[in-house]
Amino acid sequence: MLKTYFLKNFNYLEKWFQNQLKFLSIINTEWQLYNGTVLQQPQLPFTSTPPQPALFPSKLRSSTTMQATQFAVFHPSPLDPLRRPPSTAGSLFPTYNAKQPKKHPFTISSSASASTVSAPKRETDPKKRVVITGMGLVSVFGNDVNAYYEKLLAGESGITLIDRFDASKFPTRFGGQIRDFKSEGYIDGKNDRRLDDCLRYCIVAGKKALENADLGVGRLDKIDKVRAGVLVGTGMGGLTVFSDGVQALIEKGHRKITPFFIPYAITNMASALLAIDLGLMGPNYSISTACATSNYCFYAAANHIRRGEADIMVAGGTEAAIIPIGLGGFVACRALSQRNDDPKTASRPWDKDRDGFVMGEGAGILVMESLDHAMKRDAPIIAEYLGGAVNCDAYHMTDPRADGLGVSSCIQSALEDAGVSPEEVNYINAHATSTIVGDLAEVNAIKKVFKNTSEIKMNATKSMIGHCLGAAGGLEAIATVKAIMTGWLHPTINQFNPEPAVEFETVANKKQQHEVNVAVSNSFGFGGHNSVVAFSAFKP
1 MLKTYFLKNF NYLEKWFQNQ LKFLSIINTE WQLYNGTVLQ QPQLPFTSTP
51 PQPALFPSKL RSSTTMQATQ FAVFHPSPLD PLRRPPSTAG SLFPTYNAKQ
101 PKKHPFTISS SASASTVSAP KRETDPKKRV VITGMGLVSV FGNDVNAYYE
151 KLLAGESGIT LIDRFDASKF PTRFGGQIRD FKSEGYIDGK NDRRLDDCLR
201 YCIVAGKKAL ENADLGVGRL DKIDKVRAGV LVGTGMGGLT VFSDGVQALI
251 EKGHRKITPF FIPYAITNMA SALLAIDLGL MGPNYSISTA CATSNYCFYA
301 AANHIRRGEA DIMVAGGTEA AIIPIGLGGF VACRALSQRN DDPKTASRPW
351 DKDRDGFVMG EGAGILVMES LDHAMKRDAP IIAEYLGGAV NCDAYHMTDP
401 RADGLGVSSC IQSALEDAGV SPEEVNYINA HATSTIVGDL AEVNAIKKVF
451 KNTSEIKMNA TKSMIGHCLG AAGGLEAIAT VKAIMTGWLH PTINQFNPEP
501 AVEFETVANK KQQHEVNVAV SNSFGFGGHN SVVAFSAFKP
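Each residue of the sequence shown is one higher than the one before, starting from 1 at the first, in UniProt numbering.
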């Protein structure tokens with residue numbers, strides 16, 4: 001009886017193993033057609049553990065690559081495991097024409113001229129083309145977009161010692177702290193006293209953006225509010241309200257917690273309050289992807305318009321985390337610069353002596369609108385959103401991937417969504433936080449997409465305003481659009497000892513005149529969140 005049992009199970013395992021060999025044979029054939037590489041097959045005899053087929057050629061077996069691709073059984077491209085090649089309908093595996101040359105989206109000829117590169121097709125449907133009709137912000141340089149950009153062009157640093165609270169015991173005692181913020185005319189006095197700064201910044205920046213779009217008081221009723229949405233994200237939410245609530249609970253008990261504790265702390269309330277105030281009934285929510293938040297919001301907002309779900313989206317990011325728990329948290333992460341003796345030179349992206357990022361705060365919001373809707377209401381069109389992309393490194397909570405695959409593939413996807421070839425891009429507003437690892441990781445990823453960097457200029461807004469976390473992409477998008485509008489790029493300040501590996505024109509220390517063709521703005525966040533958006537001047 002026992003012998004029969006073992007023979008029965010052995011026959012089952014033998015049949016299972018034969019099926020695996022057939023399975024691998026199919027994969028092997030597909031791989032040979034696509035890449036000319038033979039898969040390694042398991043060898044007899046098998047052990048008590050069912051054999052695990054080696055699904056990747058040996059040239060892919062670095063520990064980093066295997067970690068990223070160990071589950072990507074159906075993604076055979078060794079250069080691009082995050083993107084599935086086109087497949088034949090109804091077939092489990094894609095089929096490839098062996099006579100066709102292999103196409104690797106990250107391989108771009110450095111010698112190719114604009115005349116020999118066929119640019120991807122851009123969107124032409126006016127109902128799907130997305131234009132920027134308004135911009136609004138709250139920043140360390142004030143609440144006016146033009147004044148903000150003038151300060152950036154002048155290379156002025158907004159980084160100072162923190163005086164909002166006693167920071168003397170912290171190893172980092174400076175940041176891009178907003179002072180003398182005024183909300184008169186935008187928030188009533190009663191609510192202004194209650195609201196977390198994160199919410200106040202959003203409401204003021206959002207209303208200013210709508211004013212800039214010719215949708216201020218008295219004109220907003222002329223649009224269909226059911227088709228106007230709000231998508232403003234934040235990385236940290238109402239951190240002051242949250243911190244005060246926890247302190248009240250510990251010191252005085254639960255009865256002393258304000259009833260506004262939950263509503264003002266949650267991340268969706270910025271979008272909600274702005275919509276409630278203005279009566280905007282379209283898509284409304286928030287996205288929280290750390291420092292990539294704003295670009296995620298732009299990307300999602302544009303897609304609502306492209307899908308016909310909204311005519312107008314008010315989108316961007318807001319943040320107010322320069323409080324003891326916010327500063328202390330980033331100190332604990334060992335992410336911040338400690339250049340307390342000279343705060344204005346502390347944020348120095350791509351400089352050999354950089355020692356961490358500098359906290360900032362504020363809000364940056366765009367009014368995004370379908371071209372069709374904007375033209376019907378004769379809106380002031382200031383730029384065009386061409387496209388974007390989001391993805392994840394899937395690697396580490398705080399460190400970027402060493403091979404840059406997540407960032408490079410995100411840039412490539414953004415260009416594809418925008419209908420733009422890499423050769424058309426000549427300006428990058430980089431994420432560039434002034435961290436030791438992050439700055440070069442971003443540059444290395446950019447080089448994978450843009451093989452010829454001689455025509456590209458790249459700068460870092462954070463060198464002057466600090467890292468505004470969830471609002472960073474919003475404030476940097478405004479800087480990017482202003483560069484397109486004015487033909488001037490703001491400098492990257494504090495470039496004293498540049499990293500030789502950067503190999504880009506970083507607009508070091510002094511503004512430069514530059515006619516922007518296509519601009520790309522990068523934002524990346526803790527958790528491996530990557531986001532890239534592309535803008536250009538509007539051309540009918």
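Backbone N, C-alpha and C define an ideal beta-carbon position, used for all residues, glycine too.
Discussion item. Check whether the region 470-488 and the region 362-380 touch, using three or more Cβ-Cβ pairs below 8 Å as the test.
Written reply: yes
Discussion item. To the nearest angstrom, how far is the alpha carbon of Asp355 from that of Thr433?
Written reply: 10 Å
Discussion item. Measuring straight from C-alpha to C-alpha, what distance separates Leu327 and Phe504?
Written reply: 32 Å
Practice prompt. May I ask you to report which of helix, strand or coil DSSP gives Ala54?
Written response: Confidence at Ala54 is low in this model, with a pLDDT of 39, below 50, so its placement is unreliable and the value that follows should be read with caution. Three-state result, Ala54: strand.
Discussion item. Quick check on Gln100: does DSSP put it in helix, strand or coil?
Written reply: Legend: pLDDT at Gln100 = 40, less than 50; position of this residue unreliable, no value from coordinates given.
Worksheet item: Taking just the CA atoms, how far does Pro540 sit from Gly175?
Response: 42 Å
Fill in: Integer Cβ distance of Gly308 from Lys225, believed to fall under 8 Å
The Cβ separation is near 17 Å, so there is no contact.
Worksheet item: Count the other CB atoms within 10 Å of the CB of Ala114; is the residue buried (16 or more) or exposed (fewer)?
Response: At Ala114, the pLDDT of 37 sits below 50, so the modelled position is not reliable; the number obtained from the coordinates is stated separately. Under this definition Ala114 is an exposed residue.
Worksheet item: In its own chain, which residues sit with a C-beta less than 7 Å from the C-beta of Pro324, not counting the 5 before and 5 after it?
Response: Phe165
Practice prompt. Identify which residue in Val130, Ser139, Val131 and Ile132 has its Cα closest to the Cα of Thr461.
Written response: Ser139
Worksheet item: Touching or not, the region 511-530 and the region 390-409, by the rule of three or more beta carbon pairs under 8 Å?
Response: yes
Worksheet item: Alpha carbon to alpha carbon, how far is Arg84 from Gly229?
Response: Residue confidence for Arg84 is low, a pLDDT of 38 falling below 50, so the modelled location carries little weight; the figure read from the coordinates is stated next. Answer to the nearest angstrom: the Cα atoms are 33 Å apart.
Fill in: Cβ shell of Pro171 (< 7 Å), same chain only, five flanking positions each side left out
Val331 and Gln338
Practice prompt. Given a cut-off of 7 Å, decide if Val507 and Leu489 are closer than it, judged by their beta-carbon atoms.
Written response: yes
Practice prompt. Apply the 10 Å Cβ neighbour rule to Thr124 and answer buried if 16 or more other Cβ atoms are within range, or exposed otherwise.
Written response: exposed
Discussion item. Measuring alpha carbon to alpha carbon, tell me which residue in Met485, Lys511, Arg219 and Ile484 is nearest Ile493.
Written reply: Lys511
Worksheet item: Less than 7 Å separating the beta-carbons of Met368 and Ala300?
Response: no
Item to complete: Assuming Gly317 contacts Gly233 (C-beta within less than 8 Å), just tell me the rounded distance between them.
Response: 5 Å
Worksheet item: How many whole angstroms separate the CB atoms of Ile484 and Ala441, which I take to be in contact at a CB cut-off of 8 Å?
Response: Their Cβ separation, rounded to whole angstroms, is 27 Å, which puts Ile484 and Ala441 out of contact at 8 Å.
Worksheet item: Which of the three DSSP states, helix, strand or coil, is assigned to Phe538?
Response: coil
Worksheet item: Pairing CB atoms from the region 258-269 with CB atoms from the region 238-250, are three or more of them under 8 Å?
Response: yes
Item to complete: Pick helix, strand or coil for Asp439, following the three-state DSSP scheme.
Response: helix
Item to complete: Inspect the beta-carbon positions of Ala270 and Leu199 and report whether they are closer than 7 Å.
Response: yes
Item to complete: May I ask you to list the residues that DSSP assigns as paired with His254?
Response: DSSP output for His254 lists no bridge partner at all.
Worksheet item: By how many angstroms is the C-alpha of Asp341 removed from the C-alpha of Leu210?
Response: 41 Å
Fill in: Length-filtered (3 minimum) beta strand (DSSP E) runs lying within the region 302-333
312-319
Fill in: Bridge partners - Glu369, DSSP secondary structure assignment
Val131 and Ile312
Practice prompt. Leaving out five residues on either side along the sequence, give the residues of the same chain with a beta carbon under 8 Å from the beta carbon of Tyr149.
Written response: Ile478, Ala479, Lys482, Thr486 and His490
Worksheet item: Nearest CA to the CA of residue 554: which residue from Ser243, Lys451 and Tyr385?
Response: Outside the shown range of the chain, which is 1 to 540, sits residue 554, and nothing can be said about it.
Worksheet item: For Phe357, is the classification buried or exposed, using 16 other Cβ atoms within 10 angstroms of its Cβ as the cut-off for buried?
Response: buried
Worksheet entry | Thr258 versus Ile250: straight-line alpha-carbon distance, rounded | 13 Å
Discussion item. Checking 7 Å against the spacing of the C-beta atoms, do Val533 and Phe298 come in under that value?
Written reply: yes
Discussion item. Check whether chain B comes within 7 Å of Gln495, counting only Cβ atoms and requiring the distance to be less than that.
Written reply: Going by chain labels, chain B is absent from the structure shown, which holds only one protein chain.
Worksheet item: If you check the beta carbons only, do Pro343 and Thr133 fall under 7 Å apart?
Response: no
Discussion item. In the DSSP assignment, the alpha helix (DSSP H) including Glu150 goes from what residue to what residue?
Written reply: Val145 to Leu153
Practice prompt. Could you tell me which of Ser454, Glu416 and Arg306 sits nearest to Lys121, measuring between CA atoms?
Written response: Glu416
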